[in-house]
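Residue numbers (the working numbering): 738 to 1077.
Yeah, the Cβ is synthetic: ideal placement off N, Cα and C, and Gly gets one too.
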Amino acid sequence: MRARQLWNWIYVHGQRDFAAMTNLAKDFRARIAEQMTLARPEILTQQVSEDGTRKWLLRTAPGIEFETVFIPEEDRGTLCVSSQVGCTLSCRFCHTGTQKLVRNLTPFEIAGQVMVARDALSDWPSTGENRRITNVVMMGMGEPLYNFDNVRDAMAIAADGEGLSVSRRRITLSTSGVVPEIPRWGDEAGTMLAISLHAVRDELRDQLVPINKKWPIKELLDACRAYPGLSNAKRITFEYVMLKGVNDSIADAKELVRLLARIPAKINLIPFNPWPGAPFECSDWVQIEKFGDVVNRAGYASPVRSPRGRDIMAACGQLKSASIKQRASSMRAASEQGSA
Ligand code: SAH
Ligand code: SF4
């Protein structure tokens, strides 16, 4: 009973002060306050884009810094959550992939991103009407299936109707294709799934998404077909980053549609978001439209994802880069001052 009341205060109401939990006995509140803290990850910076997207840089320990992004839309608000500091994989178009893995985030650090965002957006209680955060996507920094247990435990809190109350149907895990963990994720977490496909031939996918060398396209799609509970109402999202002259031909579009033919799927074309030194350019808009037409004609509605928060480096694949750059330049400034 007490655990339930505590859980409700913490995750439904976002209460950070035990003393304010007035339906719990006073001595119990005092005792628990000595043993536990309800501290959040510390906010280092908050940036707001001209399109309303917000990005927070958070810290929980020296060097453990990670970002979370809120994307408001007319009918929903999506929080893009990080699972790792850095990433062990090195997809060629992704800035996070140029940073080594520092460590996996803990369940507290992952669920804490939702809590910090709810604080900043005055979005408590979790069960309120007109909530601002209605959806969670594991599309921030890191490969969530390489931090399986922690992400699963955090998403259990996120999905719990008496917890952070974001339903499983509104939580999406994005993976670059850690095939053996896909069925396990379906069984143990059962959220929506997104796959970073990005290429329709193994030779090219081997280069763009190197995990493909371990688990090629066929194995990945077989795991998708077997994902539990798929239907027209519960589809897998296939993400496809548009790289000029690399994967954006009409033949590629046709092959994409053919590959996904018997999988309940959505297709999300993502204009490439550039970062300093990136070895690619975004496809021309005309080409994205032509590619999108092929996908559209095959029955997939509105396949192009409009880039959000580019001005604050908050778009897909750009995370952490700005802060690292900032730090590097402030360190340079400090050392220049020191030597002056
Ligand atoms: N590691 C997971 C989730 C994080 S990345 C994964 O790879 O799926 C979230 C999405 O952004 C992925 O589809 C990823 O491929 C894509 N992405 C990465 N860098 C990008 C960039 N520079 N421009 C556009 N999309 C990018
Ligand atoms: Fe890691 Fe995903 Fe970036 Fe690939 S795209 S390097 S898996 S974060």
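Of the residues the options, the one placed nearest residue i, counting alpha carbons only
| i | options | result |
| --- | --- | --- |
| S902 | F803, T912 and A891 | A891 |
| D1030 | A998, P862 and I987 | I987 |
| G877 | R855, N887 and L910 | L910 |
| G879 | A893, N1005, R840 and R753 | R840 |
| L980 | F1017, R995, I973 and P947 | F1017 |
| L842 | P778, G900 and H935 | P778 |
8 Å contact criterion, which residue i and residue j should meet: CB distance rounded
| i | j | result |
| --- | --- | --- |
| I795 | V853 | Going by the sequence as given, residue 795 is Leu instead of Ile. Yes, they are in contact, since the Cβ atoms of L795 and V853 sit about 6 Å apart, within 8 Å. |
| V873 | V851 | 6 Å |
| G1046 | I808 | 7 Å |
| A893 | S904 | Rounded, the Cβ-Cβ distance is 12 Å, inconsistent with contact. |
| G915 | Y964 | Position check: residue 915 holds Val in this sequence, whereas Gly was assumed. Not really, about 13 Å apart at Cβ, beyond 8 Å. |
| A960 | I1000 | Wrong, their Cβ atoms sit about 11 Å apart, outside the cutoff. |
heavy atom of the ligand SAH below 6 Å from residue i C-beta
| i | result |
| --- | --- |
| I1007 | yes |
| M876 | yes |
| N887 | no |
| C961 | no |
Element boundaries [alpha helix (DSSP H), containing residue i]
| i | result |
| --- | --- |
| Q772 | K763 to Q772 |
| A848 | P844 to A857 |
Whole-angstrom distance between residue j and residue i, CA atom to CA atom
| i | j | result |
| --- | --- | --- |
| N1033 | P1040 | 7 Å |
| P917 | K763 | 49 Å |
| C831 | L967 | 29 Å |
| S1076 | I954 | Below a pLDDT of 50, predicted positions are generally treated as unreliable, and S1076, at 37, falls in that range; the measurement from the model is reported next regardless. S1076 and I954: Cα-Cα distance of roughly 54 Å. |
| F1009 | K1027 | 16 Å |
| G927 | M773 | 31 Å |
| A1071 | V822 | Its pLDDT being 45, under 50, A1071 is placed unreliably in this model, and the value from its coordinates should be taken loosely. The straight-line gap from Cα to Cα measures roughly 25 Å. |
| R829 | G1014 | 11 Å |
| L743 | M758 | 8 Å |
| G849 | L816 | 12 Å |
| K951 | E811 | 40 Å |
| S1043 | E771 | 48 Å |
| G900 | G751 | 10 Å |
Residue i, enclosing beta strand (DSSP E) - first and last residue
| i | result |
| --- | --- |
| M929 | M929 to S933 |
| L1006 | A1002 to P1008 |
Proximity test, residue i beta-carbon vs the ligand SF4 heavy atom, cut-off 6 Å
| i | result |
| --- | --- |
| S913 | yes |
| T815 | no |
| T974 | no |
| T843 | no |
| E804 | no |
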